[in-house]
Structures are given as structure tokens and as C-alpha cells.
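Last residue of the sequence shown: 439 in full-length UniProt numbering, with the numbers rising by one and none dropped. No residue lacks a Cβ here, since even glycine has one placed at the ideal position from N, Cα and C. Shown next, in C-alpha cells, is the structure this report addresses.
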Amino acid sequence: NLYESVDVEGGGELSRLCSNFNTMSKILSKIEQQRREFIHNVSHELKTPLSSIKLLIESLKYGTYEDLNIYKEFFKDIYGEVERMKQIIDDLMIIVDIDEKKSKLNLELAHINYLIDKVINRMHLKAKSKNINIIYKEIDNIQIKLDIIKIDRVITNILDNAIKYSNENGNIYIYLYNEENYAVIKVKDEGVGIPEEDLSRIFERFYRVDKARSRETGGSGLGLFIAKQLVDLHEGEILVESKLKQGSIFYVKIPVDLI
Ligand code: ADP
């Protein structure tokens, strides 16, 4: 422990000062510990694809394969791992921006409907590869001020998860509607679901329910953390309901009256 606590007998100003000092040192210790954990996690996350790349390159270096297609497969795998590292670094850069409060909202009047359509189109192929149906229903036509790039990212991360954690041939339902002073985007899947004991933690950075599985699906454990930070910047809310093996529902709520 970097910071020792100090005790003073009795009451009075000095004792209050000590108590403040002790609280502060506890906070500092916690920040220090979080920083160490963060560096540990980042190193680990980047090391995993890097080790795979190293192995693949060694196989290419020493292997003598007659079939040229094998080389193609190796290069494809290397490319996949490089993409994954790039994704992690992009995510980290967003997080650093948010942490440094550099990330200001660039509010523009936007049709959320148009934004959702755009994201669905982008994810269309990924969904099709698992024969997943995306059913989108615009219940209310909503035009509000928001940061288009950031909310695009939020919807992308959530829909990406819905696809990743859905079974083949599953359905994903997206609804857009008004509720009190919020525009709500609801994304429902029929996938693997999230155990109740993990629900409160999935928005933490690097938190993953099933580490092996989400590594397989290319997850970094940063998607929901980023989504929550971006929604928080909008003074909105992101909520989840889920049942194991039945599916999950994510709600993104953005205030309609941001100025
Ligand atoms: P990852 O990159 O691992 O998907 P996220 O931050 O996006 O990281 O999500 C954190 C964890 O929450 C995931 O590893 C997964 O276990 C769980 N999760 C997120 N979305 C869903 C979903 N739609 N269905 C089931 N589990 C989910």
C-alpha cells in the first residue's frame, strides 16, 4: 500500500483533517490499482493476437506446403488477428479521448431512423453469414439533436453484440420509440443471454462473461464500456434485461431536449 493511514485521538480539526487525508489516500490507492489493472489488461489483450500472429508467421517461415491454399489460409488468419489488434487500439483511443474529456458532443439534428437504417445496412452481411434476421420497426418518427458519430457507434456496438451472441437462424428485433423525454432504441435478441450475476458488470471495461467464447467471436470487452460512456455523454441511459439461453434486450435512452 502506497499510502499509510494516519490516526489522531479525539475530535477537533486535526482529527477531521486526518480523516479527510485517509479518505483521499484510499481513493489514490484505488486509482493506482485501477491503472495497474488497466495496463495489465491492455497488454494481455494485445499480446493474445500478437502471439497468434507470431505462431502463424513461424509456420509460414518453416513450413513447406505443397498446397498454395494453405498459405492463403495462413495469411487470412494473420489478417484477422491484425484486424483484431486494430479494433482494440481504435477502442482504446476512444476511451482515452473520453477519459481526457476531449470527447465533446457535436450535436446535430438527426433522424434516428436514418441512423439505425445505416447501421443495419452496414451489419447486414455479418448477420447474413449466420442467417440472422434483423427486424426493425420505427414506432415513432424521431428527429432530435445528438452526436451522430457517437450514437452510430453505440448502435453499432450493441447490434454487433446482438449478432455475435445470437445463435444461427435467430431473430433480432429493433424498435425506435418515444418514452417521456427520451428517444428509446430497443435491441432484442434471442441469443445466449447473460447470467444474472454478470449483468451489473458487463459495462465495465474488459469485462466479458465467457472469456473463451468472446475471444472466439473477436470481442475485446470494450464495446459496452464505450457504448455506456458515449450514452453518458448524452446524459442518457443504457439498460439491459437478459435471461440465460433466452436472449437479451438493450435499451438506449437519449434525452430529446439536448441543447
Ligand atoms: P465483447 O467485445 O466481449 O463483446 P462487450 O463490452 O461488447 O465486449 O460486451 C461485454 C460482455 O457482455 C460480452 O463479452 C458478453 O459476454 C456480454 N454480452 C454483451 N452483449 C450481449 C448479448 N447481446 N447477448 C449476450 N451476451 C452479451
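Considering only residues of the same chain and omitting the five flanking positions on each side of GLU359, which have a CB-CB separation below 8 Å? Sequence-distant Cβ neighbours of GLU359 in its own chain, meaning closer than 8 Å and more than five residues away, are LYS433.
For ASP271, is the classification buried or exposed, using 16 other Cβ atoms within 10 angstroms of its Cβ as the cut-off for buried? Residue burial is scored here from C-beta neighbours: ASP271 has at least 16 other C-beta atoms within 10 angstroms and is therefore classed as buried.
Taking only runs of the alpha helix (DSSP H) that begin and end inside the region 320–369, which ones reach a length of at least 4 residues, in chain order? The region 320–369 contains these whole alpha helix (DSSP H) runs: 328–344.
Candidates LYS317, ILE274 and ILE343, of which the one nearest ARG302 by Cα: It is ILE343.
DSSP state of VAL188 mapped onto helix, strand, coil: In this structure, VAL188 counts as coil in the three-state DSSP scheme.
Which partner residues does ALA290 have in the DSSP bridge list? As DSSP reads the structure, ALA290 sits in a beta bridge with ILE324.
By the 10 Å Cβ neighbour count, where 16 or more other Cβ atoms means buried, how is SER231 classified, buried or exposed? Flag for SER231 reads exposed.
If contacts are defined as beta-carbon pairs under 8 Å, then SER428 and GLY371 qualify, I think. What distance do you get, rounded to the angstrom? By a beta-carbon distance limit of 8 Å, SER428 contacts GLY371. Their separation comes to about 7 Å.
Quick check: the region 242–249 against the region 272–291, are at least 3 beta-carbon pairs closer than 8 Å? They do not touch, by the three-pair rule.
Delimiting residues of the alpha helix (DSSP H) encompassing LYS252: Counted as a single uninterrupted DSSP element, the alpha helix (DSSP H) harbouring LYS252 occupies residues 248–279.
Give the C-beta separation of LEU226 and ILE268 to the nearest angstrom, bearing in mind that I take them to be a contact with Cβ-Cβ under 8 Å. That belief holds up - the Cβ atoms of LEU226 and ILE268 are roughly 6 Å apart, short of 8 Å.
In terms of residue numbering, what span does the beta strand (DSSP E) encompassing ILE406 cover? For ILE406, there is no enclosing beta strand (DSSP E); the residue is part of the alpha helix (DSSP H) that begins and ends at 403–413.
Kindly list the residues whose CB is nearer than 7 Å to the CB of PHE405, restricted to its own chain and excluding five residues on each side of it in sequence; keep chain order. PHE383, GLU384 and ARG385.
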